[in-house]
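So the structure is just underneath, and the comments pick up after that.
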Amino acid sequence: MKNLSKFKRHYFAVLFGLIVFCCQPLTMNAQTAIPDGERLKYFDSSYEDCRQQFISDSKQLSKKYNDVKLMKINVPSKLDDELFVDVCYVPAQGNPKRLLILSSGIHGIEGYVGNAIQELFVKEFLDDKLMEETGVLLLHGMNPYGFKYLRRVTENNIDLNRNSGYDNELYKIINSGYGDLYDFLNPTDAVRAGSMKNRFFFVTAIRKILQASLPVLRQAVLQGQYQYTEGLYFGGDKQEPQIAGIGPLIEKVGTDYPIIMNIDLHTGYGESGKLHFFPNPIEDSELKKQTEDIFKGYQIDWGDSDDFYTITGDFSGYIGKLLAGKTHISMTFEYGTMDSQKTMGSIKSIHNMILENQGAHHGYKRTKDQKKVEKRFLEMYYPSDPKWRTKIMNQSSEVLNVALQQFNSL
Ligand SMILES: [Zn+2]
Numbered sequence: 002m003k004n005l006s007k008f009k010r011h012y013f014a015v016l017f018g019l020i021v022f023c024c025q026p027l028t029m030n031a032q033t034a035i036p037d038g039e040r041l042k043y044f045d046s047s048y049e050d051c052r053q054q055f056i057s058d059s060k061q062l063s064k065k066y067n068d069v070k071l072m073k074i075n076v077p078s079k080l081d082d083e084l085f086v087d088v089c090y091v092p093a094q095g096n097p098k099r100l101l102i103l104s105s106g107i108h109g110i111e112g113y114v115g116n117a118i119q120e121l122f123v124k125e126f127l128d129d130k131l132m133e134e135t136g137v138l139l140l141h142g143m144n145p146y147g148f149k150y151l152r153r154v155t156e157n158n159i160d161l162n163r164n165s166g167y168d169n170e171l172y173k174i175i176n177s178g179y180g181d182l183y184d185f186l187n188p189t190d191a192v193r194a195g196s197m198k199n200r201f202f203f204v205t206a207i208r209k210i211l212q213a214s215l216p217v218l219r220q221a222v223l224q225g226q227y228q229y230t231e232g233l234y235f236g237g238d239k240q241e242p243q244i245a246g247i248g249p250l251i252e253k254v255g256t257d258y259p260i261i262m263n264i265d266l267h268t269g270y271g272e273s274g275k276l277h278f279f280p281n282p283i284e285d286s287e288l289k290k291q292t293e294d295i296f297k298g299y300q301i302d303w304g305d306s307d308d309f310y311t312i313t314g315d316f317s318g319y320i321g322k323l324l325a326g327k328t329h330i331s332m333t334f335e336y337g338t339m340d341s342q343k344t345m346g347s348i349k350s351i352h353n354m355i356l357e358n359q360g361a362h363h364g365y366k367r368t369k370d371q372k373k374v375e376k377r378f379l380e381m382y383y384p385s386d387p388k389w390r391t392k393i394m395n396q397s398s399e400v401l402n403v404a405l406q407q408f409n410s411l
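Residue numbers (the working numbering): 2 to 411.
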């Protein structure tokens with residue numbers, strides 16, 4: 002009887018997996034925007050190019066505005082002396098009322114899109130009117146190792162958006178749901194992309210989903226974990242150097258301003274070609290209203306949908322704690338790439354992450370496995386499709402136009 006029900010479950014899982022698989026459109030990334038050269042010029046192809054662009058733009062700002070400060074934090078590395086978080090602070094030119102913190106590359110490889118958005122902001126939105134009473138703090142390439150070497154995590158395999166603890170309590174958190182999934186998420190052999198296990202990954206994943214449910218699994222996987230140093234979503238056992246380094250700077254700059262908004266730039270999660278808005282959970286109804294007013298007309302994901310999950314040690318929450326007592330509005334801009342709000346997209350997405358992490362720790366059977374896995378990983382966080390790129394730039398431009406006007410009237 003037991004064997005029969007096990008067989009039934011397995012059969013059902015395979016059948017369900019095949020149905021879901023067959024129902025997926027062939028091209029998940031079909032976009033509608035017409036590629037626009039003016040938008041595409043913001044996208045660079047190396048960490049060095051992005052960095053030089055940011056420094057050059059910052060120098061232009063220092064010629065135009067008073068007391069602009071350019072700073073950099075060198076991130077220690079065993080293999081590269083040229084890894085920097087670059088910071089540009091343009092103070093409010095008159096009475097300081099509001100501070101905007103715009104950060105990129107918390108997840109290294111996501112820094113390419115983050116860099117493009119920061120450049121868009123500087124070139125098209127940072128003007129005399131905004132700077133009258135608003136200060137701007139730009140944090141570029143928070144995880145320069147991942148940015149340069151195309152990983153999401155730091156050189157220590159740490160996810161900075163799970164590592165930003167205000168105190169050491171964070172690193173004591175035990176995510177027991179993750180422990181149950183550890184072997185599934187973190188295989189220990191060299192990667193062979195076309196192995197049976199990988200070909201039928203979606204079947205295994207569907208079985209896990211049937212056993213638990215997608216929201217429960219998503220929460221266990223994505224929340225963050227502090228026990229497994231080689232595992233996905235590892236948050237470390239202390240602050241990474243750039244998190245420790247940026248904290249005092251944010252506190253110092255924030256002192257002058259009663260109202261702070263931080264926008265942290267990410268890619269990878271959600272509907273392909275769509276900008277999603279993820280705020281930190283807010284108890285204060287007035288603050289929630291202010292946030293809704295700033296992003297008027299846009300759908301904010303407040304955590305009441307099935308595809309929502311909470312995380313520990315995120316960077317925006319850390320900024321809020323550093324600036325406690327002030328009005329703090331935080332928003333994560335998440336540019337979707339894989340339709341991961343849907344079951345199949347979310348399975349493909351986690352599979353890409355598993356293979357890349359497995360390869361980084363245990364190597365690849367053949368060079369072609371490595372090329373395949375790394376290409377898919379890059380595409381997931383930095384899509385090459387000019388239509389995708391144009392579309393997200395158009396949306397960002399529209400949103401910034403509305404949000405900055407609203408913010409400037411607070
Ligand atoms: Zn991210």
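The C-beta atom is built at its ideal place from N, Cα and C for all residues, glycine as well.
*For Leu186, name the three-state secondary structure that DSSP assigns.*
helix
*Just to confirm, does Glu380 get its C-beta within under 7 Å of one of the non-hydrogen atoms of ligand 1?*
no
*Consult DSSP for Leu379 and reduce its assignment to one of helix, strand or coil.*
helix
*Residue interval of the beta strand (DSSP E) (run including Arg99)*: 99 to 104
*When DSSP labels each residue in this structure, what does Pro280 get in the three-state scheme?*
strand
_What does the alpha-carbon distance come out to for the pair Tyr90 and Lys70?_
5 Å
_Judging by CA-CA distance, which residue of Asn116, Lys173, Leu379 is the nearest neighbour of Val86?_
Asn116
*Going straight from the alpha carbon of Ala191 to that of Lys60, what length do you get?*
46 Å
*Do Asn1 and ligand 1 come close, with the Cβ less than 7 Å from some heavy atom?*
What the structure shows of the chain is the stretch from 2 to 411, and residue 1 is not part of that stretch, so it cannot be assessed.
_Inter-residue spacing [alpha-carbon to alpha-carbon] between Leu1 and Ile110_ = Nothing can be reported for residue 1: it is not among the residues displayed for the chain, which extend from 2 to 411.
*Tell me whether Ile393 counts as near ligand 1, meaning its Cβ is closer than 7 Å to at least one heavy atom of that ligand.*
no
*Using DSSP with H/G/I as helix, E/B as strand and the rest coil, what is Ser63?*
helix
*May I have the straight-line CA-CA distance separating Glu357 from Val374, to the nearest angstrom?*
6 Å
*Return helix, strand or coil for Met345, following the three-state DSSP convention.*
helix
*Inter-residue CB distance, Asn263 and Gly318 (contact presumed, cutoff 8 Å)*: About 10 Å separates the two Cβ atoms, so there is no contact after all.
_For the structure I just gave you, are there three or more beta carbon pairs, one from the region 267 to 274 and one from the region 329 to 347, closer than 8 Å?_
yes
*Using the Cα positions of Thr459 and Lys376, report the straight-line distance between them to the nearest angstrom.*
The structure shown has nothing for residue 459, since the chain only spans 2 to 411.
*If you measure from each residue's Cβ to the nearest non-hydrogen atom of ligand 1, which ones come out under 5 Å, in chain order?*
His108, Glu111, His267
*DSSP on Ile265, reduced to helix/strand/coil?*
A small fix is needed here, since residue 265 is Asp in this sequence, not Ile. If DSSP states are grouped into helix, strand and coil, Asp265 belongs with the strands.
*Pull up the distance between the alpha-carbon of Pro36 and that of Lys388, whole angstroms please.*
5 Å
*Buried versus exposed, by CB contacts within 10 Å (16 or more), Leu401*: buried
*The alpha helix (DSSP H) spanning Val217 covers which residue range?*
215 to 223
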